[in-house]
Structure formats: structure tokens, C-alpha cells
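This report refers to the structure that appears directly beneath it.
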Amino acid sequence: MALSYCTIADIRRESGFLNNPNLADARVTETGERAQSEVDAYLRGVYTLPLASVPDLIEYVTMLLASGYLLIREYGPESRDTDKDGYKKVKEAREMLSRIAAKELLLVDSTGAVLA
């Protein structure tokens, strides 16, 4: 699966690994794919996939979820309640996804039109 909701650079930036040469892009891509798959699972019952265009909110949620997974993978549970707390990012992303799935948060395209 290719990343289509956010980029490797987005995930690296959000997780604080933008200039870290010791973290392989393959590892970042893997967490991005996992996050994208989870996002799709939430969207599947509400929107027709694949999305014609990627709303900013989906880009943000995917980036947040992926960077949370990456931080958890790199720092583990010891990172809780620190600036490297991946669990907090994952929780925030899942809360937004739940609101999207419940249609409390609507997705809009680049023109501001609500996606059907």
C-alpha cells in the first residue's frame, strides 16, 4: 500500500524525526500505512473509498496517528506524559475518527463542500 493520506515528511515532522538519519524511511512508511489502514476502517462505513481527494482533516488525523505509532515504537511506554507521548497522539486521532464515523465531524473538500 502506498501512502496517499500524508507523506513521510509529514509523519517525521509531527513526531520530531524530520532530520533523524537513523530512522529509516521504510519504518516511517510502515507506520503510515498502518495509520492509513485504520483511517480507512473508520471511513468505510461513512464514505465511499477511495476518496476522490484527501481532505485536510484526514491528512492531519493520519499524520497524527502515524506519528503516535512511530513514537510508541521508538520510545515505548516510558514516553507517557512527556513531549514524546505517542499514546496521546493516537488517542486524539482515534477520538477525531470516531467523531467522523458518527458524522459529528464532516469531511470537506478543498472548495469547502461537504463530501457525500
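Plus 3 on top of the position in the sequence shown (first one is 1) and you've got the numbering used here.
Note that beta-carbon positions come from the ideal geometry of N, C-alpha and C, so glycine has one too.
Closer than 7 angstroms by C-beta to D112: which residues in its own chain qualify, once you throw out the five before and the five after it? Chain order, please. S56, P58 and L118
Leaving out five residues before and five after E62 in sequence, what residues of the same chain have Cβ atoms less than 8 angstroms from its Cβ? Y8, C9 and D13
With DSSP as the reference, label V117 as helix, strand or coil. strand
Out of G115, L6 and E77, point me to the one whose CA is closest to D43's CA. L6
Alpha carbon to alpha carbon, how far is L67 from E95? Give it in angstroms, no decimals. 8 angstroms
Is there contact between the segment 75-90 and the segment 98-115, where contact requires at least three CB pairs shorter than 8 angstroms? no
Check the C-beta distance from G115 over to V93 and give it rounded, since I have them as a contact under 8 angstroms. Between V93 and G115 the Cβ distance is about 29 angstroms, and since that is not below 8 angstroms, they are no contact.
Distance between beta carbons of V64 and L100, contact taken as under 8 angstroms: 6 angstroms
Ignore the nearest five residues each way along the sequence and tell me which others in G35's own chain have a CB closer than 6 angstroms to its CB. L6, I14 and A69
Roughly how many angstroms separate the alpha carbons of P24 and E41, rounded to a whole number? 27 angstroms
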